[in-house]
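Note that the sequence shown covers residues 50 to 563 in the working numbering.
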Amino acid sequence: MKFVTVSGPPSSGKTSVILKVIECMRNSVEKVGVVKFDCLTTYDDILYKKAGVEVMVGLSGNLCPDHFYISNIDDCVKYGTERGFDLLISESAGLCNRCSPHIKEVLAVCVIDSLSGINTPKKIGPMLKFADIIVITKGDIVSQAEREVFTYMVRETNPGAKLLYVNGLTGQGAYELSSCILEAASTNTLDGKKLRFTMPAALCSYCLGETLIGEDYQMGNTKKIPFQQTRNSVEKTWKDFEETDQEDRQEPACIDSLTIIGGQDKSGEKENVKLTIQAGEVICIVGPTGSGKSRLLEDIECMAKGDTPSKRKIEIEGRHLEESRLVAQLSQNMNFVMDASVCDFIKMHARSRKITQMEEVTEKIIQCANELAGEKFTGNTAVTQLSGGQSRALMIADVAFLSSSPIVLIDELENAGVDRGRALELLVQKGKIVLVSTHDPILALLGDKRIIINNGAINQVIETELAEKENLKIMRQMDNKMLALREAIRKGEKIGWNMSDYFVLNEFEKEGNL
50 MKFVTVSGPP SSGKTSVILK VIECMRNSVE KVGVVKFDCL TTYDDILYKK AGVEVMVGLS
110 GNLCPDHFYI SNIDDCVKYG TERGFDLLIS ESAGLCNRCS PHIKEVLAVC VIDSLSGINT
170 PKKIGPMLKF ADIIVITKGD IVSQAEREVF TYMVRETNPG AKLLYVNGLT GQGAYELSSC
230 ILEAASTNTL DGKKLRFTMP AALCSYCLGE TLIGEDYQMG NTKKIPFQQT RNSVEKTWKD
290 FEETDQEDRQ EPACIDSLTI IGGQDKSGEK ENVKLTIQAG EVICIVGPTG SGKSRLLEDI
350 ECMAKGDTPS KRKIEIEGRH LEESRLVAQL SQNMNFVMDA SVCDFIKMHA RSRKITQMEE
410 VTEKIIQCAN ELAGEKFTGN TAVTQLSGGQ SRALMIADVA FLSSSPIVLI DELENAGVDR
470 GRALELLVQK GKIVLVSTHD PILALLGDKR IIINNGAINQ VIETELAEKE NLKIMRQMDN
530 KMLALREAIR KGEKIGWNMS DYFVLNEFEK EGNL
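Below, the structure is given as structure tokens:
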């Protein structure tokens with residue numbers, strides 16, 4: 050029987066991840082069991098039973114949940130063997146961040162979510178530090194830049210672990226995790242095996258039931274805060290992030306081509322397409338709202354292996370390929386949850402990208418973002434206080450100046466509330482593969498090709514013709530007039546002039562001149 054330990058902070062998404070992994074294993078593993086460890090109560094057993102998974106629940110009650118876990122886990126393995134399980138998964142919350150449920154010679158998985166804060170990886174301690182696989186969840190809720198900073202902090206804590214991104218709702222990424230679990234070693238008993246890290250001592254008066262507070266009631270293994278040392282200690286600041294290890298710098302990835310292999314549409318019908326995109330091409334993705342444009346971008350972003358709802362596969366050819374640095378994405382989701390200023394955030398992201406000259410690049414990014422956004426902000430502005438348009442402007446500048454990724458994905462740039470023409474110029478760089486999801490006809494015609502999406506599948510691919518490029522010149526002039534009109538309204542000007550005359554282009558303007 051294969052046995053795997055899964056742990057992580059409460060509400061990190063462990064149960065959802067395990068259920069999606071089991072779903073991926075239906076054709077490979079006949080009988081799966083789960084042991085759910087918790088403190089006072091749990092309702093996750095209902096979810097497992099609903100999915101047809103046999104589950105055992107262990108509640109520690111007034112005992113330390115992690116000590117309770119290790120006192121019972123061998124019995125659980127023996128029970129799983131008796132029940133004839135092919136795979137047994139233990140799920141524990143690790144409620145004490147000092148504890149670690151990981152066992153030597155047993156595959157150890159730690160689940161942590163992107164919303165828990167950038168310092169959480171180091172706070173968790175041995176539960177994350179000694180894991181073989183670290184699963185990061187809820188990455189789709191924050192911006193790519195914040196996700197990269199969080200990932201960097203995880204790697205600093207445990208550089209040897211395999212990092213996987215799994216969406217507990219859609220199952221994206223669960224297939225790769227299931228493949229790793231299928232390679233886990235088999236075991237029928239844990240008798241004589243060792244923990245990877247010692248549990249914390251639990252021999253004080255409060256462990257034995259004492260409730261009164263005060264020194265007279267404290268005995269056994271207690272520990273005091275050294276306040277005199279704390280007052281004299283040097284406070285850590287964000288300047289810690291300014292030091293970059295030059296030896297860790299890696300050669301930028303170079304991609305020759307990207308191939309999209311069709312999966313299925315929303316009805317389950319086969320998507321008969323195999324599209325290869327060459328380096329240097331700009332591809333626009335168009336289709337009705339809800340047709341699946343963003344889904345295609347997400348498939349490319351995660352290098353789908355048939356494990357997403359669309360069942361597509363993404364293949365790449367190139368050099369120096371490290372999957373986490375292949376893609377720079379500008380999504381519609383620009384949420385920030387970290388407590389940091391704009392300046393500190395940029396420096397943290399720059400460090401995660403191994404960028405030198407952080408002061409210079411930080412200044413450039415803020416200046417560029419302010420040129421794109423309507424309302425200016427400073428480096429001292431908290432990222433959580435930025436408006437939607439300011440956040441998008443910051444991320445556009447961030448991608449333009451920090452990213453060396455050979456693939457750039459842009460989702461509905463026209464909704465950013467910024468100068469989309471200027472933004473696209475910044476993002477479309479020579480030698481990169483650029484894919485833009487859009488409803489904007491001007492952006493659609495700027496690409497070399499258009500992918501038409503319908504009912505979740507690629508319906509057709511159209512090359513932009515010369516006649517369309519000529520029409521694009523006129524469309525851009527009309528658009529410039531609309532932009533001027535918008536600025537006039539923003540400034541409080543009255544729009545009382547003759548619109549019929551205003552929108553008539555003269556010959557000079559038709560030639561593409563302002």
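Just so you know, even glycine gets a beta-carbon here, dropped at the ideal spot from N, CA and C.
Same chain only: Cβ atoms within 7 Å of residue i, ignoring 5 sequence neighbours per side
i, result
"Lys127", "Thr238"
"Ala180", "His151, Ala157, Val158, Cys159, Asn207 and Ala210"
"Trp546", "none"
"Ser235", "Met50 and Lys51"
"Met444", "Ser192, Ala194, Leu379 and Met383"
"Lys343", "According to the sequence as given, residue 343 is Ser; it is not Lys. The answer, listed in chain order, is Asp460 and Ser486."
"Ala537", "Ile544"
"His398", "Ala194, Glu197, Val198, Asp447 and Leu451"
Beta-carbon spacing of residue i, residue j below 8 Å
i, j, result
"Asp356", "Gly222", "yes"
"Lys178", "Thr206", "yes"
"Leu421", "Ala446", "yes"
"Val160", "Val55", "yes"
"Ser61", "Gln193", "no"
"Met245", "Lys153", "Per the sequence shown, residue 245 should be read as Arg rather than Met. Their beta carbons are under 8 Å apart, which means Arg245 touches Lys153 by this criterion."
"Gly317", "Ser359", "no"
"Leu212", "Ile185", "yes"
"Val203", "Ile183", "yes"
"Met248", "His116", "yes"
"Ser163", "Gly188", "yes"
"Leu476", "Ala449", "yes"
"Ala493", "Cys333", "yes"
"Asp123", "Asp240", "yes"
"Gly217", "Val386", "no"
"Ala142", "Pro175", "no"
"Val432", "Ala389", "yes"
"Leu27", "Val70", "Outside the shown range of the chain, which is 50 to 563, sits residue 27, and nothing can be said about it."
Cβ-based neighbour list, residue i, same chain, cut-off 8 Å, excluding 5 preceding and 5 following
i, result
"Ile501", "Val335, Gly336, Ile507, Asn508, Gln509, Val510 and Ile511"
"Arg132", "Lys80, Gly82 and Glu103"
"Phe552", "Met527 and Lys530"
"Thr91", "Lys85, Val106 and Leu108"
"Leu375", "Ala302, Ile304, Met352, Ile365, Ser454, Pro455 and Ile456"
"Arg539", "Gly423"
"Asp497", "Glu330, Val331, Ile332, Glu512 and Thr513"
Local Cβ density within 10 Å of residue i, reported as buried at 16 or more and exposed below that
i, result
"Phe134", "buried"
"Asp314", "buried"
"Ser109", "buried"
"Leu458", "buried"
"Ile414", "buried"
"Cys303", "exposed"
"Lys319", "exposed"
"Met74", "buried"
"Thr260", "exposed"
"Met407", "buried"
"Pro58", "buried"
"Tyr224", "buried"
"Gly329", "exposed"
"Leu89", "exposed"
"Ser220", "In the sequence under discussion, the amino acid at residue 220 is Gly, which differs from the Ser named in the question. With 16 or more other Cβ atoms within 10 Å, it is buried."
"Gly541", "exposed"
"Gly258", "exposed"
"Trp287", "In this prediction, Trp287 scores a pLDDT of 45, lower than 50, which makes its location untrustworthy; the coordinate-derived value is nonetheless stated afterwards. The residue is exposed, with fewer than 16 neighbouring Cβ atoms inside 10 Å."
"Leu484", "buried"
"Leu495", "buried"
"Leu68", "buried"
Sequence-distant residues of its chain with Cβ nearer than 6 Å to residue i (five each side left out)
i, result
"Ala233", "Lys51, Val53 and Leu156"
"Asp489", "Glu463"
"Thr430", "Val391"
"Val505", "Checking the displayed sequence, the identity of residue 505 turns out to be Gly instead of Val. Here the set comprises Asp314, Lys315 and Gly341."
"Cys417", "Ala446"
"Ile310", "Lys323 and Lys362"
"Gly480", "Ala328 and Gly329"
"Tyr97", "Val83 and Val104"
"Val78", "Asp135 and Leu136"
Residue-level contact to chain C via CB, residue i, 8 Å cutoff
i, result
"Ser120", "Protein chain content of the structure displayed is limited to a single chain, and chain C is not contained in it."
As an exercise, report each continuous alpha helix (DSSP H) stretch of at least 4 residues that is fully enclosed by the stretch 482-546, in chain order.
Segments of the alpha helix (DSSP H) lying fully in the stretch 482-546: 490-495 and 515-539.
Can you list the beta strand (DSSP E) stretches of 3 or more residues lying completely in the stretch 401-481, in chain order?
456-460
Do the stretch 166-174 and the stretch 421-437 make contact, defined as three or more Cβ pairs closer than 8 Å?
With fewer than three CB-CB distances shorter than 8 Å, the stretch 166-174 does not count as touching the stretch 421-437.
Give the list of continuous alpha helix (DSSP H) stretches no shorter than 4 residues that lie fully inside the stretch 149-177.
169-173
Which runs of the beta strand (DSSP E) at least 3 residues long sit entirely within the stretch 180-260? Give them in chain order.
182-186 and 211-214
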